[in-house]
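Participant: So for the sequence shown, my numbering puts the first residue at 1076; every next one is plus one.
Take this structure first; my questions come after.
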Amino acid sequence: MSKKVLAPTKAYLNVVNKGSITLKEARKDQLLILDLNGTLVSRNRKNKSMYVRPYAQEFFDYVFENFTVMLWSSAQPHSVKYMSRIFRHRRDKLVAVWDRTSLDLSTRDFNRKSSTIKDLNKVWKHFDGKYDATNTILLDDSRQKTVLQPYNAIHPTEFEHHSTAFVSSGESELLHVMEYLSAIQFQSNIAWYIKHHPYHNLPKNNEKNIYKLEFYKFADNWENPPQVVDFTPVNNLLNDFSSIQIK
1076 MSKKVLAPTK
1086 AYLNVVNKGS
1096 ITLKEARKDQ
1106 LLILDLNGTL
1116 VSRNRKNKSM
1126 YVRPYAQEFF
1136 DYVFENFTVM
1146 LWSSAQPHSV
1156 KYMSRIFRHR
1166 RDKLVAVWDR
1176 TSLDLSTRDF
1186 NRKSSTIKDL
1196 NKVWKHFDGK
1206 YDATNTILLD
1216 DSRQKTVLQP
1226 YNAIHPTEFE
1236 HHSTAFVSSG
1246 ESELLHVMEY
1256 LSAIQFQSNI
1266 AWYIKHHPYH
1276 NLPKNNEKNI
1286 YKLEFYKFAD
1296 NWENPPQVVD
1306 FTPVNNLLND
1316 FSSIQIK
């Protein structure tokens, strides 16, 4: 038996193709949906901790000022609770926090690593039609999760603190996402704009790249500030040498 092919509906594509007008003033009625792991944080499952993507706090300052912000992660509820610490005092400004329970998975798939889809129709229904394809943005590193509404999604490079790309070159992609969002703010139809002006990832080497990351242990007191870990190559080299025991 063949698997059902997931694709955008005709009704969705009709909205996408309506065109967009560049407005004189930025809109204040746009919904930005944020993912967590791989997009804003890099989780370390072994010791139950996480590293936060560079420039996250600058990014949060910008998006909470200019968008209505929601969180939607495919992680388990307890993991979402811990990871949402990155928002600090802004957490109360999230209009909704959705986790794996919102994905309508079978019990088997819920408790294992499985493919998931974020259907924005569910979000739009939740908000009684206040949001739709013209004013919704989903920030998620996974293209597979957004197949039903592909032109409402921005896909930054997956963030992994241990990846060769980050360790060798650092990171500044959230600044690039902010620039893209600043253009979207003036569009009457987000889906049309993303289809015709898709987001492109930054080159690995960028002058604004940094190596310092906020680090949280899930077991730490929530009142504790994050540690700052410097992954600058020379520091990594020093750390490697410091771990060598001379016999």
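Positions of the beta carbon are idealized from the N, C-alpha and C atoms, including for glycine.
Grab the span of the alpha helix (DSSP H) containing W1147 for me, first residue to last.
Facilitator: Not the alpha helix (DSSP H): W1147 falls in the beta strand (DSSP E), residues 1143-1147.
Participant: What does the alpha-carbon distance come out to for the pair Y1206 and L1195?
Facilitator: Using only the alpha carbons, I get a separation of about 10 Å.
Participant: Consult DSSP for F1293 and reduce its assignment to one of helix, strand or coil.
Facilitator: In this structure, F1293 counts as coil in the three-state DSSP scheme.
Participant: Do the CB positions of L1213 and S1247 come within less than 8 Å of each other?
Facilitator: Result no, Cβ atoms of L1213 and S1247 do not sit closer than 8 Å.
Participant: Given this structure, state the Cα-to-Cα distance separating N1280 from L1098, to the nearest angstrom.
Facilitator: Spanning the two alpha carbons is a distance of roughly 33 Å.
Participant: In whole angstroms, what separates the C-alpha of A1101 from that of V1252?
Facilitator: Going from the Cα of A1101 to the Cα of V1252 covers about 16 Å.
Participant: Please report the distance separating the alpha-carbon of A1150 from that of K1121.
Facilitator: Between A1150 and K1121, the C-alpha separation is close to 16 Å.
Participant: Run through DSSP, which three-state label would L1250 get?
Facilitator: Three-state result, L1250: helix.
Participant: Please go through the same chain and pick out, in chain order, the residues whose beta-carbon is closer than 6 Å to the beta-carbon of S1217, but skip the five residues on each side of it.
Facilitator: Contacts found: none.
Participant: Compare the C-beta of K1200 against all C-beta atoms of chain B and say whether one is closer than 8 Å.
Facilitator: This model lacks chain B altogether; it includes just one protein chain.
Participant: Identify the continuous alpha helix (DSSP H) that holds Y1268 and give its terminal residues.
Facilitator: Where Y1268 is concerned, the enclosing alpha helix (DSSP H) stretches over 1265-1271.
Participant: Taking the alpha carbon of T1307 as the point to measure from, which residue in D1215, V1127, G1245, H1153 has its own alpha carbon closest?
Facilitator: If we check each option's Cα against that of T1307, G1245 comes out closest.
Participant: Can you tell me the Cα-Cα spacing of K1220 and D1305, whole angstroms?
Facilitator: Approximately 32 Å between the Cα atoms of the pair.
Participant: Could you tell me whether the stretch 1116-1134 touches the stretch 1167-1174, using the rule of 3 or more Cβ pairs below 8 Å?
Facilitator: Verdict: no, contact absent.
Participant: Only counting the same chain, and skipping five residues up and downstream in sequence, which positions put a Cβ closer than 7 Å to that of V1091?
Facilitator: Here the set comprises A1208, Y1226, A1266, W1267, K1270.
Participant: Does the count of Cβ pairs from the stretch 1133-1148 and the stretch 1283-1300 closer than 8 Å reach three?
Facilitator: No contact exists between the stretch 1133-1148 and the stretch 1283-1300.
Participant: Can you give, in chain order, each stretch of the beta strand (DSSP E) that sits fully within the stretch 1181-1247 and has at least 3 residues?
Facilitator: Correct list: 1211-1214.
Participant: What residues in its chain sit with their C-beta under 7 Å from that of S1159, if we drop five residues either side in the sequence?
Facilitator: So the list reads L1146, R1166, V1172, once near-sequence residues are dropped.
Participant: Which first and last residues belong to the beta strand (DSSP E) in which V1303 is found?
Facilitator: 1302-1305 is the span of the beta strand (DSSP E), which, as asked, contains V1303.
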